[in-house]
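Read left to right, the sequence shown gives residues -19 to 139 (my numbering).
The beta carbon of each residue, even a glycine, is placed where N, CA and C say it ideally should be.
As structure tokens, the structure follows; a few thoughts come after it.
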Amino acid sequence: MDKNKLQLRHISAGLQVREGEGDNESRTIVGHAIITGVETTLYEDDDYREIEIINKSCLKEDFLKDQDIKLNLLHEREYTIARNNKGNGNLSYEVREDGLHFEVEAPKCDIGDRALELVRAGVYTGCSFEFYPEEYSIDVREGKDGKQEYVIEHTKFRS
-19 MDKNKLQLRH ISAGLQVREG EGDNESRTIV GHAIITGVET TLYEDDDYRE
31 IEIINKSCLK EDFLKDQDIK LNLLHEREYT IARNNKGNGN LSYEVREDGL
81 HFEVEAPKCD IGDRALELVR AGVYTGCSFE FYPEEYSIDV REGKDGKQEY
131 VIEHTKFRS
């Protein structure tokens, strides 16, 4: 794995609009940005598969508080609807036992409205995140089906 190559991963669950109170419609989008401790298949063919695990150690508070975290629609930087730039902005996050969760009050603009409607309609169901790998291990094992498995466990991301 190339430490200088930006990696992109997708999580296809956990994105929703929080329910409003009374007649007030919520504009709060909540989601699960990074899942930790779970084996995810990156690639598979007839002979082998690549599996990845993001260790919770990648989400240390001193690392996260030094990042510029953005929530973009369709991976497009010009469609940023939320941001936490070294602790400042309209995006908040929390590290939990199962990974990194976030919430944002969608801005009242065309992009914010679009994001809300697409999450409500179930078109957007998950998030993607980008990272540069810093520290990881690779273990080779035989899978239950006899395929050779390469298990990559990330223990630290870099800025």
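The beta carbons of T135 and Y112 sit no closer together than 8 Å.
The C-beta separation of E19 from I33 comes to about 6 Å, placing the pair in contact by the 8 Å criterion. Taking 4 residues as the minimum length, the alpha helix (DSSP H) runs contained wholly in the stretch 56 to 108 are 90 to 100, in order along the chain. For the set K66, T21 and A(-7), the Cα lying nearest the Cα of D42 is the one of K66. Counting other Cβ atoms within 10 Å of its Cβ, V120 stays below 16 and is therefore classed as exposed. Here L98 has Y104 as same chain residues with Cβ atoms under 6 Å from its own Cβ, once five neighbours each way along the sequence are excluded. The DSSP-derived three-state label of S117 is strand. Of the other Cβ atoms in all chains shown, 16 or more fall within 10 Å of the Cβ of G79; this residue is therefore buried.
If you look at D48, you'll find it in the beta strand (DSSP E) that goes D48 to N52.
DSSP, reduced to helix, strand and coil, places K136 within a strand of the structure shown.
Under the three-state reduction of DSSP output, E41 falls in the helix class. Counting only runs of 3+ residues, the beta strand (DSSP E) found wholly inside the stretch -18 to 27 occupies -13 to -9, 8 to 15 and 20 to 24, in chain order. Cβ neighbours of K88 within its own chain (closer than 8 Å, five residues either side excluded): R7.
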